[in-house]
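Asks: Here it is: the structure, laid out below.
Below you can see the structure in the form of structure tokens.
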């Protein structure tokens with residue numbers, strides 16, 4: 001038993017490599033879907049209805065007036081966050097999965113069964129995914145907050161707006177400004193909703209992806225191809241994004257509510273600019289109801305949204321996620337698996353079988 005543990009466990013170097021490959025995979029996926037993510041956040045924090053026409057109009061108008069690069073506004077903050085986030089999430093899921101599999105094998109060996117015949121249960125895969133999601137969120141949350149706020153400011157904020165704390169010049173300046181103006185608690189505004197929301201999302205996406213891959217291995221007797229992995233990831237992403245979406249809306253309202261309230265009444269060069277460009281409600285009107293005040297908690301924010309906009313507002317932008325989510329998850333999982341194969345690293349649910 002001890003010998004199998006020594007053979008199956010990653011070395012320190014392999015563990016570090018697993019984290020680095022996860023970061024690369026997540027960054028690739030985030031960059032590919034950045035324009036859709038930007039658009040989703042902007043609709044989430046406004047009271048405008050969402051439709052395919054309005055989404056396309058927003059994307060086209062933003063590109064025409066501010067340049068195509070504006071569609072990746074805030075992606076620098078997103079990339080800075082997503083590298084450690086994806087590194088922790090993907091690698092932690094692998095490590096937890098391997099640990100659970102070794103536990104199952106040890107238990108089987110103690111009962112007299114063949115340890116190598118032990119397999120992970122669906123609950124094991126869900127627990128590993130949920131644990132990975134919670135750890136990664138807590139480790140990188142302030143950067144997610146910065147990404148959300150930079151998504152709802154103008155693409156070229158004026159020096160005056162930056163000086164007054166109504167916009168940010170970059171991720172580092174944003175972290176310092178939020179810390180000074182709102183304290184450490186401000187850097188974790190919306191974190192409870194994020195942690196609660198990541199559990200169904202991460203548990204579903206990782207659990208479904210891992211289970212589908214295991215099913216393919218049993219049916220075909222070989223490792224899934226890259227295309228098959230992307231298909232598994234797309235389905236896992238679709239289900240995962242839907243499971244935790246309402247709390248994602250709550251999270252974005254809490255993250256941006258304080259910032260946007262501070263910007264009310266500022267000139268058209270402020271955060272109102274993007275609303276005006278695509279005929280969405282002005283920031284001020286959107287904030288008077290349904291948006292988190294500085295001290296609102298998760299449940300009170302949820303109630304405010306429902307009272308002001310109805311239950312459907314909790315699913316605002318979910319159609320964008322149905323398109324973006326499968327692409328992001330499929331890309332992330334497939335790239336991570338491809339990089340692991342190239343580096344000679346096994347999946348977590350295969351590591352103990354070598």
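Residue numbers (UniProt numbering): 1 to 354. Just so you know, even glycine gets a beta-carbon here, dropped at the ideal spot from N, CA and C.
Do you know whose CA, among 42, 37, 64 and 101, lies nearest residue 79's CA?
Replies: Numbered from 1 along the chain shown, position 79 holds the residue referred to as residue 79. The option with the nearest alpha carbon to residue 79 is 37.
Asks: Please report the Cβ distance between residue 174 and residue 84, rounded to the nearest whole angstrom; I am assuming they are in contact, meaning their Cβ atoms lie under 8 Å.
Replies: What you label residue 174 is simply residue 174 of the chain shown in a count that begins at 1. What you label residue 84 is simply residue 84 of the chain shown in a count that begins at 1. The pair is not a contact, with the Cβ atoms about 17 Å apart (cut-off 8 Å).
Asks: Answer with buried or exposed for residue 324, where buried requires no fewer than 16 other C-beta atoms within 10 angstroms of its C-beta.
Replies: By 1-based counting over the chain shown, the position of residue 324 is 324. Residue 324 comes out buried.
Asks: By Cβ distance, which residues of its chain are closer than 7 Å to residue 20, with the 5 residues on each side in sequence left out?
Replies: Counting from 1 along the chain shown, the entry for residue 20 is found at position 20. If we look at residue 20 and ignore the five residues flanking it on each side, its Cβ neighbours are 87.
Asks: Tell me where the alpha helix (DSSP H) around residue 85 begins and ends.
Replies: Here residue 85 refers to the residue found at position 85 when the chain shown is read from its first residue. Counting along the chain, the alpha helix (DSSP H) containing residue 85 begins and ends at 75-110.
Asks: Under three-state DSSP, which class holds residue 356?
Replies: The requested residue 356 is not part of the displayed model; the chain covers only 1 to 354.
Asks: Out of 43, 67 and 347, state which residue places its alpha-carbon closest to the alpha-carbon of residue 355.
Replies: Residue 355 cannot be examined here, being either before or after the span of the chain that is shown, 1 to 354.
Asks: Residues in the same chain with beta-carbon distance under 7 Å from residue 245, minus the five sequence neighbours each way, listed in chain order, please.
Replies: Taking the chain shown and counting its residues from 1, one reaches residue 245 at position 245. For residue 245, where only same-chain residues beyond five positions count, the Cβ hits under 7 Å are 315, 318 and 321.
Asks: Below 9 Å between beta carbons: does that hold for residue 29 and residue 331?
Replies: Here residue 29 corresponds to residue number 29 of the chain shown, with the count starting at 1. Here residue 331 corresponds to residue number 331 of the chain shown, with the count starting at 1. Against a cut-off of 9 Å, the Cβ pair of residue 331 and residue 29 comes out as a contact.
Asks: Using the beta-carbon count (16 or more within 10 Å), is residue 204 buried or exposed?
Replies: Stepping through the chain shown from its first residue, residue 204 is reached at position 204. So residue 204 counts as buried.
Asks: Less than 9 Å separating the beta-carbons of residue 82 and residue 137?
Replies: For the purposes of this step, residue 82 is identified with residue 82 of the chain shown, where counting begins at 1. For the purposes of this step, residue 137 is identified with residue 137 of the chain shown, where counting begins at 1. Not in contact: residue 82 and residue 137 (Cβ atoms no closer than 9 Å).
Asks: Ordered along the chain, which non-local residues of its own chain (more than five positions away) have a Cβ less than 8 Å from that of residue 188?
Replies: Numbered from its first residue, the chain shown carries residue 188 at position 188. So the qualifying residues of the chain are 141, 142 and 145.
Asks: Are residue 327 and residue 32 close, meaning C-beta to C-beta below 9 Å?
Replies: In the chain shown, counting from the first residue as 1, residue 327 sits at position 327. In the chain shown, counting from the first residue as 1, residue 32 sits at position 32. In this structure, residue 32 lies closer than 9 Å to residue 327 by Cβ.
Asks: Please confirm if the segment 123-131 is in contact with the segment 88-101, defined as three or more CB-CB distances below 8 Å between the two stretches.
Replies: Yes: the two stretches touch, three or more of their Cβ pairs being nearer than 8 Å.
Asks: Under the rule that 16 or more other beta-carbon atoms within 10 Å means buried, what is residue 213, buried or exposed?
Replies: In the chain shown, residue 213 corresponds to position 213, counting from 1. Classification for residue 213: buried.
Asks: Is DSSP giving residue 62 helix, strand or coil here?
Replies: As a position in the chain shown, residue 62 is number 62, starting the count at 1. Helix at residue 62.
Asks: Quick check on this structure: which residue in 163, 227 and 74 has the alpha carbon closest to the alpha carbon of residue 153?
Replies: Translated into positions along the chain shown, residue 153 becomes position 153. The residue with the shortest Cα to Cα distance from residue 153 is 74.
Asks: Please classify residue 184 as buried or exposed, where buried requires at least 16 other C-beta atoms within 10 Å of its C-beta.
Replies: Numbered from its first residue, the chain shown carries residue 184 at position 184. Residue 184 should be labelled exposed.
Asks: Taking residue 233 and residue 329 to be in contact with their CB atoms under 8 Å, please state how far apart those CB atoms are, rounded to whole angstroms.
Replies: To locate residue 233, count along the chain shown from 1; it is residue 233. To locate residue 329, count along the chain shown from 1; it is residue 329. The pair is a contact, with the Cβ atoms about 5 Å apart (cut-off 8 Å).
Asks: What number of angstroms, rounded off, separates the C-alpha of residue 123 from the C-alpha of residue 191?
Replies: The residue labelled residue 123 in the question sits at position 123 within the chain shown. The residue labelled residue 191 in the question sits at position 191 within the chain shown. Those two C-alpha atoms are separated by around 25 Å.
Asks: Check each candidate in 72, 339, 106 and 120 and name the one with the smallest Cα separation from residue 151.
Replies: Counting from 1 along the chain shown, the entry for residue 151 is found at position 151. If we check each option's Cα against that of residue 151, 72 comes out closest.
Asks: Under the assumption that residue 296 contacts residue 254 (Cβ atoms under 8 Å), give the Cβ distance between them as a whole number of angstroms.
Replies: Position 296 of the chain shown, counted from the first residue, corresponds to residue 296. Position 254 of the chain shown, counted from the first residue, corresponds to residue 254. Yes, residue 296 and residue 254 are in contact; Cβ-Cβ is about 7 Å, under 8 Å.
Asks: How big is the Cα-Cα spacing for residue 182 and residue 162?
Replies: The count along the chain shown starts at 1 and reaches residue 182 at position 182. The count along the chain shown starts at 1 and reaches residue 162 at position 162. Those two C-alpha atoms are separated by around 16 Å.
Asks: According to the neighbour-count rule (16 or more other Cβ atoms, all chains shown, within 10 Å of its Cβ), is residue 56 buried or exposed?
Replies: For the purposes of this step, residue 56 is taken as residue 56 along the chain shown, with counting starting at 1. The residue in question, residue 56, is exposed, as its Cβ has fewer than 16 Cβ neighbours within 10 Å.
Asks: Give the straight-line distance between the Cα atoms of residue 14 and residue 336, rounded to the nearest whole angstrom.
Replies: The residue given as residue 14 occupies position 14 in the chain shown. The residue given as residue 336 occupies position 336 in the chain shown. The alpha-carbon atoms of residue 14 and residue 336 are separated by roughly 14 Å.
Asks: Let me know if residue 299 comes out buried or exposed under the rule of 16 or more other beta-carbons within 10 Å of its beta-carbon.
Replies: The residue labelled residue 299 in the question sits at position 299 within the chain shown. It is exposed - the Cβ of residue 299 has fewer than 16 other Cβ atoms within 10 Å.
Asks: In terms of residue numbering, what span does the alpha helix (DSSP H) encompassing residue 42 cover?
Replies: The residue given as residue 42 occupies position 42 in the chain shown. Note, residue 42: alpha helix (DSSP H), 34-44.
Asks: Expressed to the nearest angstrom, what Euclidean distance is found between the alpha-carbon atoms of residue 135 and residue 107?
Replies: Locating residue 135 in the chain shown gives position 135, counting from the first residue. Locating residue 107 in the chain shown gives position 107, counting from the first residue. For residue 135 and residue 107, the distance between alpha carbons rounds to 27 Å.
Asks: When the Cα atoms are used, what is the spatial distance from residue 171 to residue 149?
Replies: Taking the first residue of the chain shown as 1, we reach residue 171 at position 171. Taking the first residue of the chain shown as 1, we reach residue 149 at position 149. About 10 Å.
Asks: Mind checking if residue 102 is an interface residue toward chain D, Cβ cutoff 9 Å exclusive?
Replies: In the structure shown, chain D cannot be found, because there is only a single protein chain.
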